[in-house]
Ligand SMILES: [Zn+2]
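Residue numbers (this note's numbering): 5 to 200.
Structure follows, in structure tokens:
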């Protein structure tokens with residue numbers, strides 16, 4: 005193993021991946037979502053696009069063997085392993101605006117948006133770089149009528165995914181900050197990361 009860390013509840017981190025590195029994202033306690041953004045190390049203007057990923061895979065779901073694609077329709081990450089089985093490509097990161105609109109919370113609240121901004125600033129990135137993330141372990145159900153419902157994650161303690169880098173990448177991951185809904189099973193906990 006090259007590197008490992010734990011992202012404490014309601015915080016985030018950023019790091020570089022070399023092409024072919026394997027990133028393991030672990031739901032340590034279960035029921036916790038991790039948001040992920042990825043950028044081409046050589047040109048940060050190329051970044052993860054959930055819309056292009058849905059377009060290329062022809063599905064709002066992602067399964068082992070599928071890729072996460074960039075805004076230039078290049079594969080950035082391969083989903084190599086998955087013990088959880090449900091992830092989200094539809095939702096934006098939680099943010100002060102979201103907490104205000106959805107929950108009427110005006111006080112300061114930790115958020116994935118703020119955490120992404122904090123850990124990406126040192127690479128010269130700003131608000132304009134924070135698009136919709138890959139929401140690992142987030143369990144979004146879609147009804148036939150198109151109704152979107154976020155349910156508790158399917159992941160239990162120790163469930164994980166492995167993503168293999170298809171390019172040299174800058175990656176940011178957060179342990180999602182929403183404790184008000186089923187998204188994180190009403191409790192924010194930590195996320196484990198390993199690079200091999
Ligand atoms: Zn979040």
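Each residue gets a CB set at the ideal place from its N, CA and C atoms; glycine is no exception.
It is roughly 7 Å from the alpha-carbon of residue 14 to the alpha-carbon of residue 115. In this structure, residue 38 places its C-beta atom within 8 Å of the C-beta atom of residue 141.
Excluding sequence positions up to five before and after residue 47, its CB lies less than 7 Å from no other CB in the same chain.
By the CB criterion at 8 Å, residue 45 and residue 130 fall outside the cutoff.
Per DSSP, reduced to three states, the secondary structure at residue 110 is coil, with no helix or strand assignment. Residue 71 sits in a strand when the DSSP states are folded into three classes. Assignment of alpha helix (DSSP H) within the segment 79 to 145, counting only whole runs of 4 or more residues, yields 100 to 107, 116 to 124 in chain order. The set of residues whose C-beta lies within less than 7 Å of a heavy atom of ligand 1 reads, in chain order, 37, 39, 97, 98, 115, 116, 178, 180, 181, 182.
Burial check for residue 146: the Cβ neighbour count within 10 Å stays below 16, so the residue is exposed. Ranked by Cα distance from residue 184, the first of 105, 73, 133 is 105.
A distance below 7 Å between beta-carbons, with the five flanking residues on each side excluded, links residue 87 to the following residues of its chain, in chain order: 163, 164. Excluding five sequence positions before and after residue 8, the CB atoms of its chain that fall closer than 8 Å to its own CB belong to 196, 197, 198, 199, given in chain order.
In the three-state reduction of the DSSP assignment, residue 47 falls in the strand class, which pools E and B. Residue burial is scored here from C-beta neighbours: residue 190 has fewer than 16 other C-beta atoms within 10 angstroms and is therefore classed as exposed.
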